[in-house]
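These notes concern the structure reproduced below.
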Amino acid sequence: MLRNFFLNNLDRTLLLQVGDCWRDPPQLVWVETTSNIVITFAFYSIAALIIYFIHKRQDIQRNWRISILAICILSYATTHLIKTWTLWHPSDLLSGLLPAITAIISISIFSIIVTLIPTGLMIPSLNKLQSINAELALEIKLRQEAEKSVNILNALLEKQVENRTAGLTWLNNKLRQALKEKQQIKEELQLSQFAIERSADAVFWIAKDGKLIYVNEAACHSLGYSPAELLSMTIHDINSDFPGNSWSLHWDLLKKCGHLKIEAYHFNKHKYRFPVEITLNHLEFKGKEYQCLFARDISDRKRVEIALRKSEARERNKAEQLEIALNELRETQAQLIHTEKMSSLGQLVGGIAHEINNPISFIYGNINYSNQYIKDLLELINLYQKHYPIPDEEIKYHIEEIELGFLKKDLPKIISSMQSGAERIRSTILSLRNFARLDESEKKLVNIHDGINSTLLILKNRFNLVTGLGTGIEYEEIQVIKNYGDLPLIECYPGQLNQVFMNVLNNAIDALEISILSNSWMSQNKQQSHIVLDMKNLPHTQSKTTLNLESSLENLESSGNALVMNNNKNSKQILDLEQQNNQEKLKTPTISISTEIVNDNWIYIRIVDNGLGMNEKIYKQIFDPFFTTKPVGKGTGLGLAISYKIVVEKHGGNIQCNSVLGEGCEFVIQIPVKLKQQEKVTSFHKAS
């Protein structure tokens with residue numbers, strides 16, 4: 011119909027005949043041909059790409075629209091291809107039909123594009139698409155992270171579900187076990203209730219106000235009440251140890267302690283009071299507080315305990331009396347032995363002193379006469395020499411032989427030395443006789459210093475202590491320092507006091523000896539005496555020289571000074587005795603004895619040594635009978651105990667030991683001036 015339209019309305023003469031290209035310039039023909047070929051290739055390529063895209067993106071909805079676009083482009087390409095063909099091969103049918111088909115397809119594309127314009131206008135710009143893509147990428151990333159988190163949470167959830175399942179399983183098992191235990195507890199509770207009901211002990215449940223809320227059969231039986239009567243009473247009605255005014259304090263105390271066990275007394279229905287052993291427990295049940303009281307009747311046990319205590323007291327008293335008697339017997343026996351020994355010693359010393367005193371008295375009494383006779387004879391010799399200066403040869407020879415000049419000078423010295431020795435012997439005998447008063451039973455007025463000096467004389471041989479510091483046997487002499495006060499004569503038992511001094515001084519000497527032998531402190535005091543004899547111009551009469559030397563040494567021993575003797579007018583020295591003190595002395599063993607009178611009524615005697623001393627534990631027991639720190643065979647532990655009895659019980663005084671470890675020991679003896687003062691002094695004060 012379209013063809014008819016063109017044929018009817020258009021003049022055929024107006025149409026150029028297709029294929030008349032030979033009329034045009036050749037260059038123009040080839041340009042047109044080339045252009046058509048290029049356009050055809052381009053359109054076919056575009057159509058092929060669209061078809062490839064449709065094939066690959068089959069997921070795009072309504073892709074038929076894109077297919078129509080590809081068909082349209084193919085028709086355009088075909089039109090240009092036919093147009094190139096008709097340049098050399100004219101064909102009106104092809105030249106008219108293909109554009110018509112292309113026009114139809116173009117109209118279809120137009121209608122489709124018109125409908126797509128609103129949708130196309132809604133498509134965002136490139137920048138916006140990029141922004142949307144970035145947001146979309148971020149959202150995708152967040153979704154991925156969220157997905158990971160969801161996966162982790164799912165895993166955790168699965169783990170929790172697994173754990174919860176295991177927990178529920180465990181709880182179910184535990185619940186079954188709890189139900190089983192609950193059933194056992196219920197059975198045990200029933201058994202306990204049965205046991206409480208039939209218990210021999212009374213059981214009471216007490217409320218906070220003291221009211222009894224439960225009692226068992228034993229409680230009713232012991233108190234004589236019925237259960238109803240007891241449940242209408244309070245604890246204060248049956249036990250006076252829990253009065254109502256202090257019940258709250260008791261309740262708080264038990265609540266704090268939780269458990270309490272005491273002995274108390276219950277009153278039964280007949281007001282009879284009997285002892286009970288009470289065990290109280292504070293309990294809480296369903297938010298309420300209670301006290302559970304168990305009471306046991308202990309009347310029989312109390313009676314047995316009282317009888318047992320009385321029996322134990324009797325037996326203990328007997329044992330103590332036996333121990334006291336045994337100790338007294340042992341002490342008395344030891345004291346008797348010691349007293350017998352001291353008495354025998356006193357008798358022996360007294361006898362020896364008496365036997366020595368008789369001849370020494372004879373000697374001492376004749377020394378004065380001998381001294382006077384010798385003076386008279388020497389005076390007579392002087393008169394002879396004055397009136398007869400030139401004697402006969404025989405007399406002159408005899409004068410030279412007997413060394414008359416030396417004899418006149420030395421003979422008075424010999425007599426003086428003999429007199430000094432006799433006086434020393436008399437002094438020693440007097441000390442022995444003073445010390446030998448051990449068996450005297452009567453009290454006397456004596457000078458206390460005489461007893462101390464006599465004791466020191468008896469112990470003089472112990473003052474040289476063996477030190478053992480050198481290769482040989484070495485001795486260290488104890489230095490005795492006396493600081494006597496002006497004391498009156500005191501009334502005492504002198505022999506017994508001498509025994510006290512002997513025991514205390516022996517203890518001090520033992521302490522110093524132990525200090526030296528243990529090397530606790532070193533003291534080396536070497537004294538050497540050198541005798542130098544010059545035998546020149548000495549006569550050959552050995553007996554006279556020996557006699558002079560012995561008498562000189564005796565004088566030296568008594569005076570402690572160096573002795574110098576002259577032989578003749580040239581004053582030739584024949585004897586030089588010097589004391590060389592070659593010592594490295596750190597500490598000298600010393601015993602210090604001091605006396606004083608206090609308040610005109612008491613005599614204080616202090617005996618102090620600088621030994622090792624004692625600790626407090628030892629010196630507090632030092633006066634106990636048989637207590638000793640000495641090895642077996644060295645001490646009996648009775649000396650100081652006897653001394654304590656003599657001073658305290660016999661003389662009404664006191665004796666005390668003070669010691670500091672490492673600094674020595676002090677014994678303080680206090681005795682009254684007169685024995686009638688029997689008050690004991692317990693405090694000691696030291697004189698300044």
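The numbers in the numbering used here rise by one with no breaks, and the one at position 558 of the sequence shown is 568. Just so you know, even glycine gets a beta-carbon here, dropped at the ideal spot from N, CA and C. Just so we're clear, the structure is a prediction, and the values are computed from it rather than from any experiment.
Can you tell me where the alpha helix (DSSP H) with residue i in it begins and where it stops?
i: V514; result: P504 to L527
i: D460; result: I458 to I468
i: E676; result: Looking at the DSSP string, E676 is not in any alpha helix (DSSP H); the run it does join, the beta strand (DSSP E), is G674 to P682.
i: S699; result: Here the chain comprises residues numbered 11 to 698, so residue 699 is not present and cannot be evaluated.
i: K627; result: E626 to Y629
i: K640; result: No alpha helix (DSSP H) holds K640; DSSP gives it neither H nor E.
i: I632; result: From DSSP, I632 is part of no alpha helix (DSSP H); its letter is neither H nor E.
i: E413; result: Neither: E413 is in no alpha helix (DSSP H) and is coded neither H nor E.
Express the C-alpha separation of residue j and residue i in angstroms, rounding to a whole number.
i: A317; j: E273; result: 19 Å
i: E299; j: K271; result: 19 Å
i: L131; j: S116; result: 21 Å
i: L522; j: E673; result: 11 Å
i: N516; j: K470; result: 11 Å
i: L259; j: A229; result: 25 Å
i: K492; j: F636; result: 31 Å
i: K582; j: D420; result: Any reading at K582 needs caution, since the residue's pLDDT is 35, under 50, leaving its predicted position unreliable; the model's value is listed next. K582 and D420: Cα-Cα distance of roughly 15 Å.
i: V225; j: A238; result: 9 Å
i: E294; j: N278; result: 29 Å
i: D619; j: R472; result: 14 Å
i: Q395; j: P504; result: 59 Å
i: P401; j: E389; result: 17 Å
i: K221; j: K196; result: 27 Å
i: L497; j: L466; result: 19 Å
i: R186; j: T175; result: 16 Å
i: N463; j: I628; result: 29 Å
i: G234; j: Y282; result: 10 Å
i: D460; j: E338; result: 33 Å
i: I409; j: E403; result: 10 Å
i: N368; j: N327; result: 59 Å
i: S77; j: L108; result: 19 Å
i: L178; j: K190; result: 18 Å
i: L167; j: K192; result: 35 Å
i: S427; j: V608; result: 42 Å
i: I665; j: I617; result: 11 Å
i: C302; j: D211; result: 12 Å
Can you tell me where the beta strand (DSSP E) with residue i in it begins and where it stops?
i: H269; result: H269 to F277
i: F602; result: Note that residue 602 corresponds to Ser in the displayed sequence, not to Phe. S602 -> beta strand (DSSP E) spans T600 to V608.
i: I613; result: W612 to D619
i: I665; result: N664 to V670
Could you tell me which residues DSSP pairs with residue i in its beta bridges?
i: H292; result: Q301
i: Y5; result: Outside the shown range of the chain (11 to 698) lies residue 5, about which nothing can therefore be said.
i: V286; result: A274 and D307
i: N493; result: S604
i: E501; result: L455
i: G474; result: The amino acid at residue 474 is misidentified as Gly; the sequence shows Asn. In the DSSP output, where bridge partners are listed per residue, N474 has E487.
i: T244; result: K221
Hey, residue i and residue j: beta-carbon distance below 9 Å or not?
i: A110; j: A80; result: no
i: C667; j: I632; result: yes
i: P399; j: E487; result: no
i: V514; j: I656; result: no
i: L622; j: S525; result: yes
i: K218; j: W261; result: yes
i: G495; j: E606; result: yes
i: E501; j: V658; result: no
i: A87; j: T125; result: no
i: S8; j: M624; result: In the structure displayed, the chain extends from 11 to 698; residue 8 sits before or after that span and is not available.
i: H276; j: N249; result: yes
i: I613; j: I519; result: no
i: F284; j: I245; result: no
i: I425; j: S380; result: yes
i: L499; j: L455; result: yes
i: V286; j: R313; result: no
i: I83; j: I47; result: no
Whole beta strand (DSSP E) runs in the region 78–134 with 3 or more residues, listed along the chain?
none
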